[in-house]
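K.L.:
Under full-length UniProt numbering, the first residue of the sequence shown is numbered 1, with each subsequent residue one higher.
Cβ atoms here follow ideal geometry from the backbone N, Cα and C, with glycine treated the same way.
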Amino acid sequence: MTMDPQRRLVPIADPADPRIAEFTQMRDRDLAGRGDRFIAEGRVVLQALLDAEGAGRRFVLEKLLLLENRVEGASDLIARVDPDCPVYVAGRDVLDAAVGFAMHRGILAVGRHLPAPTLAEFLDTLPDQALVVAACGIANHDNIGGIFRNAGVFGADAVVLDGSCCDPLYRKAIRVSVGAALRVPFCRGGSIADLVGSLAVHGFEIAGLSPRGTAPLASFRPGRRLALLAGTEGEGLPADILDRVSTLRIEQAPGMDSLNVATASGIALWHVASSMGRTEAL
């Protein structure tokens with residue numbers, strides 16, 4: 001029997017209530033790291049978290065905090081929350097005082113990522129015909145969020161990140177990705193050389209995106225398993241990695257700097273996803 005969403009709400013009257021401690025002073029605590037836990041913000045992101053929670057149990061929703069005037073509009077999502085997950089409700093003054101700024105979206109959740117034990121085990125779960133984005137040294141949360149959004153829009157099966165990439169579950173990265181960081185499976189850790197080695201062992205053709213790429217993207221036709229490799233802005237992919245993989249360049253007008261890495265990944269994903277039959281007209 002489905003529980004009435006209104007009956008499970010737990011009111012919070014004190015911003016220092018220890019039951020909502022994970023949500024307090026979020027700007028100060030976001031960058032400190034939360035292990036496998038993260039904050040999800042807003043209706044769209046909460047919906048993505050609930051969808052991902054039921055898809056292979058990659059995530060667990062641990063608690064929810066809502067602004068009072070968001071309860072009615074989120075009743076359909078509240079009804080999907082596991083009965084053992086607490087759902088707290090607070091007024092505007094209490095919520096803003098707790099998080100440390102004006103929380104306009106009024107929907108916050110604590111989630112926990114259940115990552116695969118190893119990169120090899122993660123890659124073992126991918127289909128025979130697979131499209132992966134591999135990221136190296138992406139330290140900007142907007143770029144990580146943009147890469148995940150592109151991966152989701154163009155039907156990539158996964159994103160793998162080396163250990164120097166920033167956390168895709170940082171609150172801003174999730175928001176920029178419009179929840180795609182929760183929808184697209186990912187694995188992180190190790191060096192870019194480790195990623196390239198594991199992808200090669202698992203039968204992936206690896207194509208590095210670089211302004212110095214030897215082949216134009218427009219002429220590239222992917223095989224059944226492809227990993228697109230994207231490096232940090234400025235320095236790009238390391239030279240020793242570029243020597244080990246095929247390289248692609250996005251041709252552009254002369255006299256301009258190279259594209260932003262999130263934009264470049266979007267263009268490359270559109271091209272290869274179209275060639276692999278992963279896109280269709282809306």
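1) With a CB to CB cut of under 6 angstroms and the five nearest residues on each side skipped, what residues in its chain are close to residue 224?
2) What does a CB cutoff of less than 6 angstroms around residue 8 pick up in its chain, not counting 5 residues either side in sequence?
3) Tell me, please, which residues DSSP counts as bridged to residue 187.
4) Starting from the Cα of residue 296, find the closest Cα among 197, 127, 142 and give me that residue.
5) Within 10 angstroms of the Cβ of residue 198, are there 16 or more other Cβ atoms? Answer buried if so, exposed if not.
6) What residue range is occupied by the uninterrupted alpha helix (DSSP H) comprising residue 271?
7) Can you tell me where the beta strand (DSSP E) with residue 283 in it begins and where it stops?
8) Within a Cβ cutoff of 6 angstroms, which residues of the same chain sit near residue 99, ignoring the five residues on either side of it in sequence?
9) What span of residues does the alpha helix (DSSP H) with residue 62 cover, start to end?
10) Check residue 111 in the structure and name its three-state DSSP category.
11) Residue range of the beta strand (DSSP E) that residue 131 falls in?
12) Counting pairs of beta carbons, one from the region 195-210 and one from the region 177-186, are three or more of them closer than 8 angstroms?
13) Confirm, please, whether the CB-CB distance from residue 182 to residue 102 is below 7 angstroms.
14) Tell me which residues share the same chain as residue 113 and place their Cβ nearer than 8 angstroms to its Cβ, disregarding the 5 neighbours each side in the sequence.
15) Tell me the DSSP secondary structure of residue 203 in three-state form.
16) Are there 16 or more other CB atoms within 10 angstroms of the CB of residue 156, so buried, or fewer, so exposed?
17) In chain order, what residues of the same chain lie with their CB nearer than 7 angstroms to the CB of residue 13, ignoring the 5 residues before and after it?
18) Is residue 241 helix, strand or coil by DSSP?
19) Short of 6 angstroms in beta carbon distance, which residues of its chain neighbour residue 236, apart from the five on each side in sequence? Order them along the chain.
20) State buried or exposed for residue 135, treating a residue as buried only when at least 16 other CB atoms are found within 10 Å of its CB.
P.N.:
On the basis of the supplied data:
1) 129
2) 87
3) 160
4) Residue 296 lies beyond the residue range present for the chain, which begins at 1 and ends at 282; the question has no answer from this structure.
5) buried
6) 261-275
7) Not covered by the structure: residue 283. The range shown for the chain is 1 to 282.
8) 23, 26
9) It is not in any alpha helix (DSSP H) - residue 62 instead sits in the beta strand (DSSP E) that spans 59-67.
10) strand
11) 130-136
12) no
13) no
14) 36, 37, 38, 58, 59, 169
15) coil
16) buried
17) 94
18) helix
19) 210
20) buried
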